[in-house]
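Every letter in the sequence shown is one number past the one before it in this note's numbering, and letter 3, counting from 1, is 166.
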Amino acid sequence: VGLYIDAINAAVADRPADMRIGLHMCRGNFRGKFLSAGGYEAIAERVFGETAIDILFLEYDSERAGAFGALKYVPREKGVVLGLVSSKTPALESKADIHGRIDEAARIMPLDRLALSPQCGFASAASGNPLSPADQEAKLRLVVEVARETWGEPK
């Protein structure tokens with residue numbers, strides 16, 4: 164873990180003071196398949212605390228991602244984008260379920276430091292995932308709707 168933290172920190176060491184850096188903790192997304200399972204707890208304290216980034220993009224689109232307990236290790240100056248909408252399957256998530264998951268995460272860290280997104284890109288490889296353009300659009304619309312209902316209109 165230390166090697167990865169050091170590599171990331173070296174890569175962003177000379178960034179401009181006004182540049183914000185986000186780190187996507189990818190679990191694999193090739194043709195809708197995952198490569199890793201389990202929560203973030205084993206690495207959270209070190210990675211979340213020692214990596215010189217501003218925002219963590221964390222995948223929480225399925226039960227294999229674990230619970231939100233690791234969010235307690237996110238320092239106050241960092242935010243988290245919750246990847247609650249799957250880019251792996253065409254099934255559209257329930258708004259109520261997403262709101263419930265956001266509420267769950269907000270019990271661990273303040274809502275104003277949370278955001279929402281798909282768990283990963285829709286085409287992480289040239290072959291993409293088994294979603295049509297219409298599926299992808301519906302999922303992005305869902306993210307926007309839930310975000311507006313949760314945090315209001317952008318300023």
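We treat Cβ as the ideally placed atom computed from N, Cα and C, and that holds for glycine.
So, using beta-carbon positions, are Asn172 and Glu204 closer together than 9 Å? For this step, residue 172 is matched to residue 9 along the sequence shown. For this step, residue 204 is matched to residue 41 along the sequence shown. No. Outside cutoff.
Where Asp224 falls, given that 16 or more other Cβ within 10 Å makes a residue buried: Within the sequence shown, the letter at position 61 stands for residue 224. It counts as buried.
Could you work out which residue in Met182, Leu255, Ala259 and Tyr236 is closest to Ser295 when comparing CA atoms only? As a first step, residue 295 is located in the sequence shown; it is residue number 132 there, counting from the start. The shortest Cα separation from Ser295 among Met182, Leu255, Ala259 and Tyr236 belongs to Leu255.
Under 9 Å, do Val237 and Ala207 count as touching if we go by C-beta distance? Here residue 237 corresponds to residue number 74 of the sequence shown, with the count starting at 1. Here residue 207 corresponds to residue number 44 of the sequence shown, with the count starting at 1. Their beta carbons are under 9 Å apart, which means Val237 touches Ala207 by this criterion.
Have a look at the DSSP bridge pairing and note the partners of Ser280. Position 117 of the sequence shown, counting from 1, holds the residue named residue 280. Beta-bridge pairing links Ser280 to Gly246.
Does the Cβ of Gly315 have 16 or more other Cβ atoms within 10 Å, making it buried, or fewer, making it exposed? Within the sequence shown, numbered from 1, the residue matching residue 315 stands at position 152. With fewer than 16 other Cβ atoms within 10 Å, it is exposed.
Are Cys283 and Ser250 touching if we call contact CB-CB under 9 Å? Start at 1 with the first residue of the sequence shown, and residue 283 comes out as number 120. Start at 1 with the first residue of the sequence shown, and residue 250 comes out as number 87. In this structure, the beta-carbon distance from Cys283 to Ser250 falls below 9 Å.
Based on DSSP bridge pairs, tell me the residues matched to Leu221. Walking along the sequence shown from the start, residue 221 turns up at place 58. Per DSSP, Met188 and Leu245.
With H, G and I counted as helix, E and B as strand and the rest as coil, what does DSSP make of Val237? Mapped onto the sequence shown, residue 237 falls at position 74. Coil.
Per DSSP, what kind of secondary structure is Arg270 in: helix, strand or coil? Along the sequence shown, read from residue 1 onward, the residue named residue 270 stands at position 107. Here Arg270 sits in coil by DSSP.
Roughly how many whole angstroms lie between the Cα atoms of Ala327 and Asp217? No information on residue 327 is available, as it lies outside the stretch 164 to 318 that the chain covers here.
Let me know the secondary structure DSSP gives Pro253 once reduced to three states. Sequence index remark: in the sequence shown, residue 253 carries index 90 (1-based). Reduced to three states, the DSSP call for Pro253 is coil.
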